[in-house]
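Q:
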Amino acid sequence: MVGTRLLETVESDPTLPEAVDLVVIGAGMIGVAAAYAAAKAGHSVALLEKGVVAGEQSSRNWGWCRVLNRDEREIPLMQHSMALWDSLPAAIGADMRFRRAGLTYVTKDPKQLAGWQAWLDMARPYQPVARMIDAAEAKRLTPGNEQDWIGGVVSPNDGRADPARATPTLARAARAIGVSLHQNCAVRGLDTTGGRISGVFTEKGRIRCQCVVLAGGAWASMFLRRHGIDMPQSSVHSTVFATTPAKQVSPGPLLTPDFILTPLPDGGYLVAAKARGRLELTPAGIRYARHFLPALRANWKLVELRFGRSFFEGPDAWHGRWSFEAPTVFERMRVLDPAPKMSIIEPSLREIVAAYPELAGIQAARIWAGWIDSTPDAVPVISPVDAMPGLVVAAGFSGHGFGIGPGAGRLAADLAMGAPCIVDPSPFTLKRFAPGAPPSVPRAGI
């Protein structure tokens with residue numbers, strides 16, 4: 001029988017606090033990291049989650065932690081995150097299963113090879129530990145692979161953490177230093193006094209606070225619209241699966257033109273097909289179409305457009321102005337859990353076996369899907385909201401928020417609590433999507 005993803009559980013605190021310095025909405029990697037950072041700095045924090053810790057994208061991703069091929073705007077923050085991935089296990093006394101196993105990208109496409117070289121040229125001032133490889137080294141680094149690579153790029157200092165464990169482990173550490181964690185406790189809306197944050201309305205009561213970090217993932221844009229704040233965001237459907245244990249053909253994550261293999265602790269692999277991402281037509285998509293058109297025009301071959309259930313339900317549907325005094329969509333959909341695209345599984349397995357004949361017999365053991373919260377330029381928003389002092393948004397991580405999460409959460413906490421920022425936050429400002437601003441487009445890839 002094929003199962004779904006793995007996820008460790010975390011205990012909640014029994015009683016909501018009446019007042020705290022900071023409320024964090026959303027207990028994915030970003031929200032948990034923000035709560036942990038603020039508590040370490042001596043602030044009282046409540047971490048509120050409508051479902052469970054890491055129930056959505058933070059347990060559904062590949063687990064990659066990489067500087068390689070990042071948008072330049074993200075590189076300083078990602079480098080800080082990598083340092084945190086190194087130091088957090090000792091600080092919290094628990095293993096998040098982060099390993100610098102390296103990343104290897106290989107290709108048969110000269111254009112793709114040139115793109116990786118261009119990234120290395122751009123990134124040279126940041127001193128990334130990455131280099132181009134020729135055809136012979138690409139073959140040596142993919143033993144048993146039957147393909148004729150022309151070259152690739154390797155990044156030996158990048159790696160992977162375990163999505164099933166990392167965020168829950170950090171959440172336990174946050175509780176241990178005083179964070180009040182509440183799962184199955186939806187935040188229905190924000191309370192303001194004189195236009196400034198003064199509290200949050202939850203399904204279990206009101207909490208007074210001075211500041212809020214909204215780390216709501218795919219739900220962030222919808223939540224903001226209820227308060228008259230626009231943040232262009234769209235959700236892209238992605239399916240991944242874990243295989244049965246098999247021979248090790250790569251010590252670390254491997255990206256090829258057809259599939260992506262990531263070794264797992266149990267001896268299997270996490271597989272992502274290099275198929276088109278599914279973008280469904282939704283009210284939110286129509287609302288923000290002008291922001292996304294430049295990226296869609298440049299990448300239309302990589303996107304499958306369709307009409308589906310997300311037009312009527314979920315974060316990109318139309319929800320209007322809901323009451324804070326009655327159950328909301330957040331209670332009705334505790335966990336955003338889309339059905340996987342099963343039609344990609346068998347073709348992906350065939351491609352893997354064609355490339356690695358010694359993996360014949362490998363099967364899918366667990367299959368799942370997720371909605372990736374994306375911005376028009378594939379760079380997150382980590383930003384105060386001028387229209388509502390005390391509110392900081394940390395969302396729109398566009399499929400690569402897990403790895404950058406420790407640093408992104410720290411930056412969000414710095415912004416919320418008025419502390420010196422670990423990096424320049426200006427590349428992540430919400431203002432870049434304001435009316436009249438020039439289009440902001442993606443500058444990198446996987």
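UniProt numbering numbers the first residue of the sequence shown as 1 and each following residue consecutively. Ideal Cβ positions, reconstructed from N, Cα and C, are used throughout, including at glycine.
Pull up the DSSP beta-bridge partners for residue 65, would you.
A: 159.
Q: If I follow the unbroken alpha helix (DSSP H) through residue 395, where does it start and stop?
A: Segment 391–395 is the beta strand (DSSP E) holding residue 395; no alpha helix (DSSP H) there.
Q: Measure the C-alpha to C-alpha separation of residue 48 and residue 134 and round it to an integer number of angstroms.
A: Between residue 48 and residue 134, the C-alpha separation is close to 49 Å.
Q: Give the single residue among 174, 285 and 244 whose Cα lies nearest to the Cα of residue 222.
A: Nearest of 174, 285 and 244 to residue 222, Cα basis: 285.
Q: State the DSSP-derived secondary structure class of residue 132, mapped to helix, strand or coil.
A: Residue state, collapsed to three classes: strand.
Q: Whole angstroms is fine: what's the gap from residue 448's alpha carbon to residue 265's?
A: Residue coverage of the chain in this structure runs from 1 to 446, which leaves residue 448 outside it and unanswerable.
Q: Expressed to the nearest angstrom, what Euclidean distance is found between the alpha-carbon atoms of residue 33 and residue 234?
A: Near 23 Å, if we compare the C-alpha coordinates of residue 234 and residue 33.
Q: Less than 8 Å between C-beta atoms, sequence neighbours within five positions excluded: which residues of the same chain meet that for residue 535?
A: Given that the chain is displayed from residue 1 to residue 446, the structure contains no residue 535 and the question cannot be resolved.
Q: For residue 453, which three-state DSSP category applies?
A: Because the chain here runs from 1 to 446, residue 453 falls outside it and cannot be looked at.
Q: Please report the residue range of the beta strand (DSSP E) in which residue 182 lies.
A: 180–182 is the span of the beta strand (DSSP E), which, as asked, contains residue 182.
Q: If I follow the unbroken alpha helix (DSSP H) through residue 223, where does it start and stop?
A: 220–225 is the span of the alpha helix (DSSP H), which, as asked, contains residue 223.
Q: Can you give me the Cβ contacts of residue 110 inside the same chain, cut-off strictly under 8 Å, excluding the 5 residues immediately before and after it?
A: Within the same chain, residue 110 has close Cβ partners 150.
Q: Is the beta carbon of residue 412 less than 8 Å from the beta carbon of residue 213?
A: A contact, by the Cβ cut-off of 8 Å.
Q: Spatial neighbours of residue 243 within its chain, please: CB distance less than 7 Å, with the 5 preceding and 5 following residues excluded, ordered by chain position.
A: Contacts found: 268, 269, 271, 362, 363, 364 and 365.
Q: Do the CB positions of residue 193 and residue 152 come within less than 8 Å of each other?
A: Contact: no.
Q: What residues match up with residue 280 in a beta bridge as DSSP calls it?
A: In DSSP, residue 280 forms a bridge with 306.
Q: Could you tell me how far apart the beta carbons of residue 35 and residue 45 are, in whole angstroms, since I believe they sit closer than 8 Å?
A: Right, their Cβ atoms sit about 5 Å apart.
Q: Which value, in whole angstroms, describes the spacing of the CA atoms of residue 230 and residue 224?
A: Going by the C-alpha atoms only, they are around 7 Å apart.
Q: Just to confirm my understanding: we take residue 368, look at its own chain, exclude 5 residues before and 5 after, and list those with CB closer than 7 Å. What are they?
A: Excluding residues within five positions, the ones whose Cβ falls inside 7 Å are 4, 5, 60, 240 and 340.
Q: Locate the beta strand (DSSP E) running through residue 440, then write down its first and last residues.
A: Per DSSP, residue 440 belongs to no beta strand (DSSP E) and is neither H nor E.
Q: Would the region 79–97 count as touching the region 424–434 if we require 3 or more Cβ pairs under 8 Å?
A: As far as the Cβ criterion goes, the region 79–97 does not touch the region 424–434, which means the pair count is below three.
Q: Name, in chain order, the residues that DSSP records as bridge partners for residue 372.
A: 236.
Q: Take the Cβ of residue 140 as the centre, count every other Cβ of all protein chains shown within 10 Å, and call the residue buried at 16 or more, exposed below.
A: Flag for residue 140 reads exposed.
Q: To the nearest angstrom, how far is the alpha carbon of residue 15 from that of residue 158?
A: Roughly 40 Å between the two C-alpha positions.
Q: Measuring alpha carbon to alpha carbon, tell me which residue in 91, 207 and 64 is nearest residue 399.
A: The shortest C-alpha separation from residue 399 is found at 64.
Q: Starting from the C-beta of residue 13, find all residues in its chain whose C-beta is less than 8 Å away, skip the five residues before and the five after it, and write them out in chain order.
A: Same-chain partners within the cutoff: 175, 180, 181 and 182.
Q: Can you say whether residue 406 is buried or exposed, counting buried as having 16 or more other CB atoms within 10 angstroms of its CB?
A: Counting Cβ neighbours within 10 Å, residue 406 comes out buried, since at least 16 surround it.
Q: Once you ignore the five residues that flank residue 1 on each side, which residues in its own chain have a CB closer than 6 Å to its CB?
A: Note that residue 1 scores 47 on pLDDT, short of 50, meaning its location in the model is unreliable and no value can be drawn from it.
Q: Measuring CB to CB, does residue 199 end up less than 8 Å from residue 207?
A: Yes, the pair counts as a contact, with Cβ atoms nearer than the cut-off.
Q: Judging by CA-CA distance, which residue of 311, 401 and 323 is the nearest neighbour of residue 287?
A: The shortest Cα separation from residue 287 among 311, 401 and 323 belongs to 311.
Q: Could you check which residue in 67, 355 and 359 has the C-alpha nearest to that of residue 107?
A: Nearest option by C-alpha distance: 355.
Q: Going by the CB atoms, is the gap between residue 116 and residue 69 shorter than 8 Å?
A: The answer is yes: Cβ separation under 8 Å.
Q: Report the residue from 381, 410 and 436 whose alpha carbon sits nearest the alpha carbon of residue 430.
A: Comparing Cα positions, the closest option is 381.
Q: Let me know if residue 125 comes out buried or exposed under the rule of 16 or more other beta-carbons within 10 Å of its beta-carbon.
A: With fewer than 16 other Cβ atoms within 10 Å, it is exposed.
Q: Name, in chain order, the residues that DSSP records as bridge partners for residue 381.
A: Beta-bridge pairing links residue 381 to 395.
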